[in-house]
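What follows is a short report on a single structure.
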Amino acid sequence: MLYKIDTTIRQYTSRLYRTILVLLSAYIFYSFNNSLNNYVYYISSLSYIALYVSLYRSEDLWTRFGSISRIVTDYIYIFIFIYNKNINDPLLLSFTLLPIINSPNHTGKKRSYLIYGLLLAALVFSQMRFNDPHLYLVAVVFGILGTIDYLRTSFSNLLRDIERLVYEHSGKEIHLNNTYEIYTDIIDKISTSKLDIIFPVKNICCFNLNKKTPILINSSDISLSIEILSVDEMINTIETDGICYNVKAHLNKEAVNANCVVKTTGELIDYYFLFIFTKNQNKSISKIFTTKLLTPILERITRVLDIEIKLSEERDDYLRKIKTKIEFINRATLAMHFLRNKFGPIRGYFDLERAISSESDQEKASELRLLSDKEKSTAMKTVPIILERINLILEKGNNPFIVAELTSHSMAKIVRSVKSIWDNNFIDGKLEINFDIDKLRTNLHSNINEEYFDIVITDIIINMTKYSEGKNLLRISEFRNDFTFSFCNRVNIDDSNYQKLRQIVDDFNSGDIIEIFRRKTFGIYFIKTILDQMSILSKMNLDRDILTLTITVKGLQ
Amino acid sequence: MKVLIFENEREYCESMFLAVDIIYYNKSIEYTWCNTSQESGDITSLNYFDIILVDLELSPQTQLDGYRIIEELIKYFDKNRIIILTGSSRVSDRLKEKNLPSFKVLKKPVSIEDIHVKFESALKHL
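So the sequence lines, in the order shown, correspond to chains A and B.
1 is the number of the first residue of the first sequence in the numbering used here; add one for each residue after it.
1001 is the number of the first residue of the second sequence in the numbering used here; add one for each residue after it.
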């Protein structure tokens, strides 16, 4: 984004510069004696204006015309107007130097060193001073300046590109462990640039030290193990010099001695970046590059790595929480299998009694009676076992789906949370506010379990999206500090499902949890159970084809 | 009729099988119960049984679990005379996952009537 803003500003500055160039050329034409025919000046001006008007209209044409072509046309234009005029005049001198002054604004990637050559050519040819020995000195000076400038802009463009890569990467959805992609991009950029001469990097690794043992975080190439043989020396050198060269290191059990290591400080840990080179390089030059120029980029990468670590910790925390729930479900499932078997004798007893009553053969009946008595005895033994297992599952402490902890949350936060979930799911859903916003600026709060509250609201809204026929409305109202959220939805009503929906509404409002469960409306059961545990009143209403679920959160001062 | 039953919780269903024998087969069924796969001996030599029932959730001590027993059995035994004993409702999915064909299924807890129907269906293939 910053890159696009910068490019846009440069484009507008470019138009301003060329406008100044044309206006100045007109002034010069009228103020000075001109050696060429007037028509030359008229045609040059009109051609120049026409060229740039068409270039500004088409970005594609602008790019294809190229920065070098633009500099050349600028100097041809300038040359025509300064031809055979006294360059000592400050106006003419400034006019000649305008492209140099504008060069920082150049929209081309590199400020071309050609600009110095063209300036020199414009001066020489306009003044016809081909034999002036001072020109050679000027040419040498321009050559040196141009070369320095060329290298400087090359490096700064490279660093800008690398910075943009990091910026774009951090703007993407951050997944765990994909930061190594930035290293690969950096290596590609460097290896295809002039910088490869002083910084021939082939692999970048990131590690941290845990009690002086290196722990590999990621790397551009597949790396499974890292060893640093001289950790103390490396740490001390980095503390004093900012960089340590040729650290004795092994990567994947192979020695990688042509390297350097720099350190950055993250929020949680320190990161060490190991750059592995294809060959030894000039330490003085690469030190300047690494410590002064590359380190700020590494610090940006460090922030991305910090985010990755935090995400990883959150994921682990989430998995730990969910593990207990999964374990509970597994235990409950196993319990169901167990119970199914244990019900065998109970069912068997009644089955046998029925068989006995319908058996006309007395001998068979008495044999069946023996079996029935045995089954009854077994059934009586299994009933306590069944009850014990059921109690274990239903025991509150064992059930992670029981809302154990309620904490105070501001009503403003609760309202924001509901609205946010609503907005995420119903882009064109209507929102009706029937309360004074100032109420949310007070200390009004409620005791809820944030996690379960969000789950229930999400569940309600997701079910609405599934069955919605439109007319989605969230109405938020307040009465005596209690906030009511009404989720309204049009549903498809026909003869077959009207009765079913009616029953669901009646069961929900009756508060008969057992009945809801019995009818296997588990979603409603879940919502009702959780809301009841948080003392949040809830009711449903079916008015023709509009189904409304209303919850009331009690406000406390 | 000879019936082999791989079932490690015999006491919870045996009465039902005995009742079927009394009511429908005049006590002509000879039941053999195996807690584990190794109790049955060589699986390839079970052809002399008319019907084999296999509980998919056998004792942890079994060398072959219910699915493995079935895999071995179908090499030598007519699958139409094999009945699966299970409490799971997902048994057909599980069989598909293990590339096993479909079988007759007796859902636990078993009833006298269910056993009779499955036996009659299996006996048609004798």
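For each residue, glycine too, the CB sits at the ideal point set by N, CA and C.
For residue i, the three-state DSSP class (helix, strand or coil)
i	result
A/N246	coil
A/N497	helix
A/F125	helix
B/S1059	coil
A/P200	coil
B/F1049	coil
A/D482	strand
B/P1101	coil
A/F453	helix
B/A1019	helix
A/L229	coil
A/N208	strand
A/D132	coil
B/Y1012	helix
A/D6	helix
B/L1118	Here residue 1118 of chain B turns out to be Lys, not Leu, going by the sequence shown. Three-state DSSP puts B/K1118 in a helix.
A/T192	coil
A/D459	helix
A/D543	strand
A/P214	strand
A/H169	helix
A/E299	helix
A/N489	strand
Reference residue i, options the options, closest by Cα
i	options	result
A/I80	A/L92, A/S69 and A/N88	A/L92
A/T382	B/F1103, B/I1043, B/C1013 and B/L1106	B/C1013
A/P200	A/N178, A/A249, A/N259 and A/I235	A/N259
A/L547	A/M534, A/D495, A/L531 and A/L473	A/L473
A/I87	A/F32, A/M380, A/Y52 and A/I190	A/F32
A/K539	A/K500, A/S496 and A/T484	A/T484
A/V256	A/N425, A/D361, A/K279 and A/R480	A/K279
B/K1107	B/K1096, B/I1084 and B/L1126	B/I1084
A/P214	A/E227, A/P90, A/L98 and A/L274	A/E227
A/E432	A/K419, A/N424 and A/N443	A/K419
A/L339	A/T237, A/I20, A/R480 and A/R389	A/R389
A/S360	B/V1110, B/I1022 and B/F1077	B/I1022
B/Q1038	B/K1002, B/E1120, B/K1104 and B/E1007	B/E1007
A/S193	A/N218, A/Y180, A/S225 and A/T153	A/T153
A/D373	A/P345, A/I386 and A/N391	A/P345
Burial state of residue i, where buried means 16 or more other Cβ atoms lie within 10 Å
i	result
A/N509	exposed
A/I182	buried
A/G470	exposed
B/K1118	buried
A/R57	exposed
A/L151	exposed
A/Y12	exposed
A/I437	exposed
A/N330	exposed
A/Y467	exposed
B/D1065	buried
A/D507	buried
A/D232	exposed
A/S496	exposed
A/Y349	buried
B/S1028	exposed
B/L1073	buried
A/M464	buried
B/E1057	buried
A/Y52	buried
A/M336	exposed
Whole-angstrom C-beta distance between residue j and residue i, which should lie under 8 angstroms
i	j	result
A/T290	A/V262	6 angstroms
B/A1019	A/L352	6 angstroms
A/S410	A/H445	5 angstroms
A/S35	A/N84	4 angstroms
B/D1055	B/T1036	Incorrect: roughly 11 angstroms between the Cβ atoms, too far for contact.
A/I527	A/D459	6 angstroms
B/I1082	B/F1017	At roughly 16 angstroms, the Cβ-Cβ gap does not stay under 8 angstroms, so B/I1082 and B/F1017 are not in contact.
A/I414	A/I448	7 angstroms
A/E168	A/I297	Not quite, the Cβ-Cβ distance comes to about 13 angstroms (not below 8 angstroms), so this is no contact.
A/Y245	A/K283	6 angstroms
B/K1075	B/F1103	Contact doesn't hold; Cβ gap of about 15 angstroms is too wide.
**Study point:** Segments of 3+ residues assigned as beta strand (DSSP E) that fall wholly inside the region 312 to 338 of chain A
**Key:** none
Review point. Fully enclosed by the region 35 to 81 of chain A, which alpha helix (DSSP H) runs are 4 residues long or longer?
Key: 38 to 57 and 59 to 65
Review point. Which parts of the region 358 to 442 of chain A are runs of the alpha helix (DSSP H), unbroken and 4 residues or longer, counting only runs that do not cross its ends?
Key: 362 to 394 and 411 to 425
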